[in-house]
Structure formats: C-alpha cells, structure tokens
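Asker:
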Amino acid sequence: MQSLSILGSTGSIGTQALEIVDLHPDLFSVAALCARSQKEKLFQQARRYHPAVCGLVDPVPESEIPQDLKHIQWVMGPEALHIIAAQVPCDMVLVSVVGIAGLPAVMDALDARRQVLLANKEALVTGGHLVMEKASAIGKPLLPVDSEHSAIFQCLQTRGSNPPVRLLLTASGGPFRTWKKEDIDRATPAQALRHPNWSMGQKITIDSASMFNKALEIMEARWLFDVSPDNIQVVIHPQSVIHSAVEFADGAVLAQLGVPDMRVPIAYAMHFPDRISTGSKSLDLFEIGSLTFEREDPVRFPALSLARQCLHAGGAACTVLNGANEEAVAAFLAGRIPFGAITRTVMHALDRLPSLPADTLDDIYTADRLARETSRKYLASQEGA
Ligand code: NAD
Ligand code: MG
-17 MQSLSILGST GSIGTQALEI VDLHPDLFSV AALCARSQKE KLFQQARRYH PAVCGLVDPV
43 PESEIPQDLK HIQWVMGPEA LHIIAAQVPC DMVLVSVVGI AGLPAVMDAL DARRQVLLAN
103 KEALVTGGHL VMEKASAIGK PLLPVDSEHS AIFQCLQTRG SNPPVRLLLT ASGGPFRTWK
163 KEDIDRATPA QALRHPNWSM GQKITIDSAS MFNKALEIME ARWLFDVSPD NIQVVIHPQS
223 VIHSAVEFAD GAVLAQLGVP DMRVPIAYAM HFPDRISTGS KSLDLFEIGS LTFEREDPVR
283 FPALSLARQC LHAGGAACTV LNGANEEAVA AFLAGRIPFG AITRTVMHAL DRLPSLPADT
343 LDDIYTADRL ARETSRKYLA SQEGA
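The working numbering numbers the first residue of the sequence shown as -17 and each following residue consecutively.
This is how it looks when you write it as structure tokens:
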C-alpha cells in the first residue's frame, strides 16, 4: 500500500488520480488533499478518501468545516501547499496545481525526500535546473505525468546505456490548427476552450490553442531528459494517438500509443514501474484508420520558436515567458484581450526583460514578479484592442 498526497486534488489531474485510487483501493491510500478553492468538492473528496490532512489555499473559517470532517487536520491559507508537501508523511506527492505555485511545492516535497509525481510543468519550466539537481541528490528521479513526457519516459525504460538522440514531441495542434492567422487573433475564450481530443483544466486548454502548452513542454522535456532543445522536434499529430516518441543512435524510433486518456500516464507514475488497469478504452486502430503528421507553423504559432529562444538564452527567460503567458491567459479568459494579444504579451515581456538570472529560487520568483508586472501594464494598454 502506497500513501499519496495530492496537491491540486479538485482539478482535472487530481480527480483522475483519485479515480485510479478508486480502482485500486488495495494499492493506494490518500495521505493529504489540497486545493485552492472549491471547498465543497474538497469536502466530498475528504469524506470518500479519509486523508489525515486537508488544505485550502483560499481559507474558509473553521465554522464552515462540516461536523463529520472536523477530525481531519485542516490547513488554511497560502502556506497550505508548503505544509502538506513538507510535513505530511506519505510515500508520493502528486503535484497537480497550476502555474509557478508548483515550483516551491515540488522543492518542498523533494526536501522532505518524497517521491514526486509531476503533472505541473511550470516547476520545470521555471526552476528545471534546481528541481532536477535536488531530485538527483535525494536519488528519487521525478515521475512525469504529462502525457508526452510519460510517453518518452516509457520509451526510455529499455534504453540501457544508450541516450536518446532525438525526442519527437507530439501535439494535437489544438482547436485552431487549421485556422487562418487573422481568425486565430480574434478567437474567443469559448472557441479556444474547445480542445479536440483532451478534456483538461482551463489554463492548459488555452495554452494548447496558442501552442504555449507545447512551448512549456519543450522546456519540460529539456530538463526531464537532459536533451538539447535542438534535438526536440515537435510533430503535429491531430489524432493524439502517438503520445510521443524517442529516436536512438541506430535510427530506431520507439513510440508510445493509446487513446488520449490522462489516467494512463497518471497510473503509470503512481505505480511505476508496474502497469495497472486504468479504465481507459482499448485502442482501435481500424476505427482511427490513419495517423497523420504535420510540421509546426512558426507564423501562426510563434510559441515554439519563443521557447527555443528562451532555452538558448538561459537565465530566467523561460520564467519570463511563463509568467507573461499566465497573466495574458488570465486576461484573455476574463474577456479583456483578444487571443492574439497572448503571444504579443509574451514577446513584449521577453523584449523588456532579456537577461535576468535564475541561479536561486529567489531569482526565479523575482523574474516571475517582474514578468507579471511588465505584462499587466502591457495588457492594460491592449484592452479592447
Ligand atoms: P485544473 O485547473 O483542472 O486544477 C488545478 C488544481 O490545482 C485545482 O485543484 C486547484 O484548486 C489547484 N490549484 C490551482 N492553483 C493553485 C495554487 N496556486 N495553490 C494551490 N492549489 C492550486 O488544472 P489541471 O488541468 O488539472 O492541470 C494541473 C497541472 O497539470 C498544470 O500544470 C497542467 O499544465 C498539468 N497538466 C494537466 C493535464 C490535464 O490533462 N489536465 C495534462 C498534462 C499536464
Ligand atoms: Mg502534455
């Protein structure tokens, strides 16, 4: 029996991880659950999974904790993630919060020498070098949950001493894959939230439409697998059946396939290296008929080129890209800016903040703050544009 703490338990990844717990009550118990808000959903989860500790980042008064849940230890406020990651005993911590909030949570869990299952890509985007160093120092390599990175990780299990020469990172292309640039620029939140293949949280769904999700995933792959960005090729693959692939020195390419279902990579991380049932449908290649591939289009989707530029620039460039994008996505979802302004906001921030350091966590938080301040000013100037 492995005990699991989930940071971000009410979200898309968190709830699917709990579905795996439902399927395998003999394998997993829940040590702690933490969410930002959605207290009613968290109360329901607490009743069902009996964690010892629950956290809500947006605090509620003690009087609002239902009588039947008072025996649980409740941690409220911005420290909740830290307290749960650092102090609650467990075997594994699933970090599935959104945004840079994942970085301190991952570092706390690693400091406490816990196995981290990583869904949150922003921790590696912003602090990849520090996170990888710490995971290696405690001898507990991160277990990736992001579907492409899980696919690559699975393909690498038989590598022996052969490093990959190239990663093929697949991308669905999102809802605007076939749209003209002018139409993408004017797209609405409702259109951007209509992902063709995956059902996910709002932030990552918008990022999939702009391709900033794949931009963040290039950065994530660079750190997880220690591969130069020049050896990471993005392949647009609208069917989302090949979840990614790895090429070796002899020309052999190994890919991982399946229906798009996040429970598969979540369960692989939860019970690595063994495979367990997930409730996923079986892959029917005859029903799919054909798998197709396209090159990225740097004109309609500049995010990927920006990601490579940031990785080559080093320092806190990736943090600046991430912070500016988070601010811009929030403004877009609030209906304040057109879709095209997301990319313009990121370019503006990178232009204004070209060479900030990222040697320490404090450097990274400073770069994140500066990127957000710069972007908020720019966004205010773009409203209604
Ligand atoms: P979501 O919005 O559905 O859920 C996020 C969860 O984290 C919620 O429980 C929320 O309450 C909590 N949370 C958000 N911000 C927080 C904060 N600052 N402090 C504490 N808790 C916070 O998001 P999601 O789609 O589940 O994505 C979670 C992470 O996993 C993201 O980094 C995303 O990029 C990554 N990811 C998601 C998917 C997917 O299929 N949803 C796939 C790959 C990677
Ligand atoms: Mg992914």
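Don't be surprised by glycine CBs; every beta carbon is placed ideally from N, CA and C.
Which full runs of the beta strand (DSSP E) of 3+ residues lie inside the stretch 79 to 152, going along the chain?
Answerer: 97 to 100
Asker: Output the distance between the C-alpha atoms of Ser118 and His111, rounded to the nearest integer angstrom.
Answerer: 11 Å
Asker: Just list the alpha helix (DSSP H) runs in the stretch 142 to 214, keeping only unbroken ones of 4 residues or longer that don't cross its boundaries, in chain order.
Answerer: Those alpha helix (DSSP H) runs which fall completely within the stretch 142 to 214 and span 4+ residues are 163 to 167, 171 to 174, 184 to 192 and 194 to 207.
Asker: Is there contact between the stretch 64 to 76 and the stretch 88 to 105, where contact requires at least three CB pairs shorter than 8 Å?
Answerer: yes
Asker: Thinking just about the alpha-carbon of each residue, which of Thr(-8), Asp279 and Ser(-15) is nearest to the one in Met182?
Answerer: Shortest Cα-Cα distance from Met182 to any of Thr(-8), Asp279 and Ser(-15) involves Thr(-8).
Asker: Under 7 Å Cβ to Cβ from Ala231, same chain only, skipping five residues before and after it: list those, please.
Answerer: Asn144 and Val147
Asker: Using a Cβ-Cβ cut-off of 6 Å (strictly less than) and excluding sequence neighbours within five positions of Arg290, which residues of its own chain qualify?
Answerer: Cβ neighbours of Arg290 beyond the five flanking positions: Pro211.
Asker: Does DSSP classify His225 as helix, strand or coil?
Answerer: strand
Asker: Please specify which runs of the beta strand (DSSP E), each continuous and at least 3 residues long, are wholly inside the stretch 6 to 33, giving them in chain order.
Answerer: 10 to 17
Asker: Check each candidate in Lys163, Thr152, Val88 and Ala172 and name the one with the smallest Cα separation from Val216.
Answerer: Thr152
Asker: Specify the secondary structure class of Met(-17) as computed by DSSP and reduced to three states.
Answerer: Secondary structure at Met(-17): coil, using DSSP grouped into helix, strand and coil.
Asker: Identify, in the order they occur along the chain, each residue of the same chain with its Cβ nearer than 8 Å to the Cβ of Phe314, setting aside the five sequence neighbours on each side.
Answerer: Answer for Phe314: Pro171, Ala174, Ile188, Pro320, Phe321, Ala323 and Ile324, listed in chain order.
Asker: Could you spell out the range, first to last residue, of the beta strand (DSSP E) harbouring Gln55?
Answerer: Gln55 to Met58
Asker: Give the C-beta separation of Leu38 and Val12 to the nearest angstrom, bearing in mind that I take them to be a contact with Cβ-Cβ under 8 Å.
Answerer: Going by Cβ atoms, the distance from Leu38 to Val12 rounds to 16 Å, so no, they are not a contact pair.
Asker: Are the CB atoms of Glu199 and His253 nearer to each other than 9 Å?
Answerer: no
Asker: In the DSSP assignment, find the unbroken beta strand (DSSP E) run with Gln238 in it and report its ends.
Answerer: Val235 to Leu239
Asker: When you compare the stretch 123 to 142 with the stretch 293 to 302, are there three or more beta-carbon pairs, one atom per stretch, that lie closer than 8 Å?
Answerer: no
Asker: Looking only at its own chain, which residues have a Cβ that is under 6 Å from the Cβ of Ile82, when we skip the five neighbours before and after it?
Answerer: The beta carbon of Ile82 is closer than 6 Å to those of Glu104, Thr108 and Asp350 in its chain, skipping five residues each way along the sequence.
Asker: Quick check on the DSSP output: the alpha helix (DSSP H) that includes Val302 runs from which residue to which?
Answerer: Residue range Ala299 to Leu315 is occupied by the alpha helix (DSSP H) that includes Val302.
Asker: Between the stretch 299 to 307 and the stretch 253 to 268, do at least 3 Cβ pairs fall closer than 8 Å?
Answerer: no
Asker: If I measure Cβ to Cβ from Ile224 and keep anything under 7 Å in the same chain, skipping five residues before and after, which residues do I get?
Answerer: Thr152, Ala237, Leu239 and Leu273
Asker: For a test of the three-state rule: what should DSSP assign to Glu1, helix, strand or coil?
Answerer: helix
Asker: Under the rule that 16 or more other beta-carbon atoms within 10 Å means buried, what is Ile270, buried or exposed?
Answerer: Around the CB of Ile270, fewer than 16 other CB atoms lie within 10 Å, so the residue is classed as exposed.
Asker: Taking His64 as the reference, give the member of Val35, His53, Glu278 and Val281 with the closest Cα.
Answerer: Comparing Cα-Cα distances from His64 to each of Val35, His53, Glu278 and Val281, the minimum goes to Val35.
Asker: Does Lys369 pass the burial test, meaning 16 or more other C-beta atoms within 10 Å, or should it be called exposed?
Answerer: Coverage of the chain is limited to positions -17 through 367, which leaves residue 369 absent and any answer about it impossible.
Asker: What is the rounded straight-line gap between the Cα of Glu355 and the Cα of Met201?
Answerer: 23 Å
Asker: As a quick exercise: from Val3, Leu267, Val42 and Ser192, pick the residue whose alpha carbon is nearest that of Pro33.
Answerer: Val3
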